[in-house]
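**Q**
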Amino acid sequence: MRVATWNVNSVTARLPRLLAWLESAKPDVVCLQELKCATEAFPPEVRDLGFEVAAYGLGRWNGVAVLSRVGLEDVRRGLVDEPTYDDAAEPRAVGATCGGVRVWSVYVPNGREPGHPHYAYKLRWLEALRATAVAESAPERPFAVLGDFNIAPADDDVWDISLFTESTHVTEPERAALAALREAGLRDVVPRALKYDKPYTYWDYRQLAFPNNHGMRIDLVYANASFADAVNDAYVDREARKGKGPSDHAPVVVDLTL
DNA sequence: ATGTCGTTCTGTGAACGA
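So that you can map any letter, position 33 of the first sequence is 33 in full-length UniProt numbering, and since no number is skipped, the others follow by simple counting.
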């Protein structure tokens, strides 16, 4: 089974590239983030390719989905005890069971800057993610949380850590939230880089970041032992970041032998 | 130079978030 995660930065703007990628990469299950469209506006062309779709979006911001061509059951929108921001629920997590594998597609809040209310929201949201993983991860069922975590797990996951001294994505509390997920039994499934030495998944649109490989590894796969032990390959599909009209993120692809 | 995107509204450019 091939499972992937991709922050597409607008599913409607990315539709031609998404459809081409689905046909060439042939994933069975895909977690998408930053749909930037409402649930009912999710492009029907994806279903025409044979995928069932569990989308969760409200419009301009955020939005997540699980696509599957191996079945789609027990869809859940939102986390256990999920926090709100400015008193509003945001569409940042959707879970589904696909061919016996439980996956969550997540778009973790950015945080904006340490000390900002959005940063405190990010940490609360990550605690709700941990609680959801604990509630749902049974040892015998492959389980994984995949998505844009907006956290670089280690300094090596950033192209130049010296530029991040006052920034989110690398702070100790954010990394502690990832450690708490690991303590809950999830493992970081680190993909291969298909070029250069680091498996970056995101490169800013600005300042020629992609050609200079000024990237970050912030799109993560956190999996329980049943899922992680079944992984026979994982890689970042950097080809999808090339050319005209890409997302600023590349897909992470994981192959499982179940 | 926060230098690029994508979306929406204050709407044919600006504001916002990333």
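Think of the CB as a built atom: it goes at the ideal place given N, C-alpha and C, for glycine as much as any other residue. This one's a predicted model, so the numbers in the text were calculated from it and none came from an experiment.
(1) Can you check the region 195-237 for any beta strand (DSSP E) of at least 3 residues that lies completely inside it and give the ranges in chain order?
(2) Mind reading off the beta-carbon distance from arginine 92 to proline 109? Whole number of angstroms is fine, and I expect it under 8 Å.
(3) Would you give the residue range spanned by the alpha helix (DSSP H) that leucine 178 belongs to?
(4) Since serine 226 and proline 139 should fall inside the 8 Å C-beta cutoff, what is the C-beta to C-beta distance between them, to a whole number of angstroms?
(5) Quick test of your reading: proline 191 and alanine 128, contact by CB under 8 Å. State the CB separation rounded to the nearest angstrom.
(6) Checking 9 Å against the spacing of the C-beta atoms, do alanine 209 and glycine 215 come in under that value?
(7) With a threshold of 8 Å on Cβ separation, who are the neighbours of asparagine 232 within its own chain once the five nearest residues in sequence on each side are excluded?
(8) What distance in whole Å lies between the Cβ atoms of valine 11 and proline 43, which are believed to be in contact at a cut-off of 8 Å?
(9) Let me check one thing: in DSSP terms, what residues is residue 327 bridge-paired to?
(10) Based on the DSSP secondary-structure assignment, which residues constitute the bridge partners of threonine 5?
(11) Quick one: grab the DSSP three-state call for glutamate 82.
**A** To lay it out plainly:
(1) 219-223 and 231-236
(2) 7 Å
(3) 172-183
(4) 7 Å
(5) Wrong, their Cβ atoms sit about 26 Å apart, outside the cutoff.
(6) yes
(7) Asp255, Leu256 and Thr257
(8) 6 Å
(9) Nothing in the structure corresponds to residue 327, since the chain is present only between 1 and 258.
(10) Cys31 and Val252
(11) coil
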